[in-house]
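Structure first, commentary second.
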Amino acid sequence: MRQAIASAEVGDEQHGKDPTVNLIQERVAELLGKEAAL
Numbered sequence: 001m002r003q004a005i006a007s008a009e010v011g012d013e014q015h016g017k018d019p020t021v022n023l024i025q026e027r028v029a030e031l032l033g034k035e036a037a038l
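Under UniProt numbering, the first residue of the sequence shown is numbered 1, with each subsequent residue one higher.
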């Protein structure tokens, strides 16, 4: 678990630079048939 946390890609969510948040947003938008937006 610590290794996963330590090696996770992170960025500034407020500026759209967090790859994890962007991936989740895109996936949910795809599932719902909507545009990605938070």
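For each residue, glycine too, the CB sits at the ideal point set by N, CA and C.
Under DSSP, the alpha helix (DSSP H) around residue 10 begins and ends at which residues?
Element bounds for residue 10: n/a, residue is neither H nor E.
Among 31, 26, 35, 20, which one has its Cα closest to the Cα of residue 4?
20
Helix, strand or coil for residue 35, going by three-state DSSP, please let me know.
coil
Give me, in chain order, the residues of the same chain whose beta-carbon lies closer than 7 Å to that of residue 22; leave out the 5 immediate sequence neighbours on both sides.
16
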